[in-house]
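Structure first, commentary second.
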Ligand code: FES
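Numbering (our numbering), first residue to last: 115 to 259.
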């Protein structure tokens, strides 16, 4: 059911933990399944993401997608990080079963929330970044109906 890459990132998740004095921290949840994701970003003066870590009370797919997402945003600029969508993460993992696609949204939204926090702390506007929601299940419903 899961690709080898998903199993690998689930069993050996990369970048689990916290970053002290992070440049940005974002937390999002999905009220439907009760899972929560928190992302920490360390962004240098040139706007490059030097480090990214996550903590989650999430299912296996949420762990694997977050692990891959942190790997993908490291070393990127803020604008490049915005392109790390849940679709890009799923592709990097060789796909997810359809019922687990929503789990990958947690990682994307948590990164956006951390970038939003960074922008607010620094009084800047990140082009293309919308205010994140704290519960992504509300968002899903809008898309479904
Ligand atoms: Fe909630 Fe996967 S079931 S994130």
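Just so it is clear, CB atoms sit at the ideal spot from N, CA and C, and this is done for glycine as well. All values reported here derive from a predicted model rather than from experimental measurement.
Can you tell me the Cβ-Cβ gap for residue 224 and residue 151, rounded? I've got them flagged as a contact below 8 Å. 4 Å between Cβ atoms; contact.
Closest by CA to residue 221, which one among 197, 232, 180, 196? Per the Cα distances, 180.
Can you list, in chain order, the residues of its chain whose CB lies under 8 Å from that of residue 161, leaving out five sequence neighbours each side? 191, 192, listed in sequence order.
By how many angstroms is the C-alpha of residue 229 removed from the C-alpha of residue 240? A direct Cα-Cα distance of roughly 8 Å separates residue 240 from residue 229.
To the nearest angstrom, how far is the alpha carbon of residue 215 from that of residue 134? Pairing residue 215 with residue 134, the inter-Cα distance amounts to about 30 Å.
For residue 135, does the three-state DSSP call read helix, strand or coil? Reduced to three states, the DSSP call for residue 135 is coil.
Looking only at its own chain, which residues have a Cβ that is under 7 Å from the Cβ of residue 124, when we skip the five neighbours before and after it? These residues qualify, in order along the chain: 174, 177, 178.
Using CA coordinates, which residue listed in 149, 129, 158, 227 is at the minimum distance from residue 185? Comparing Cα-Cα distances from residue 185 to each of 149, 129, 158, 227, the minimum goes to 129.
Cutoff 8 Å; reference residue 208; Cβ partners in own chain excluding five residues on either side: So the list reads 117, 118, 119, 120, once near-sequence residues are dropped.
Roughly how many angstroms separate the alpha carbons of residue 243 and residue 187, rounded to a whole number? For the pair residue 243 and residue 187, the Cα-to-Cα distance works out to about 15 Å.
Please confirm whether any heavy atom of the ligand FES lies closer than 7 Å to the CB of residue 229. No; taking the cut-off as 7 Å, the Cβ of residue 229 has no heavy atom of the ligand FES nearer than that.
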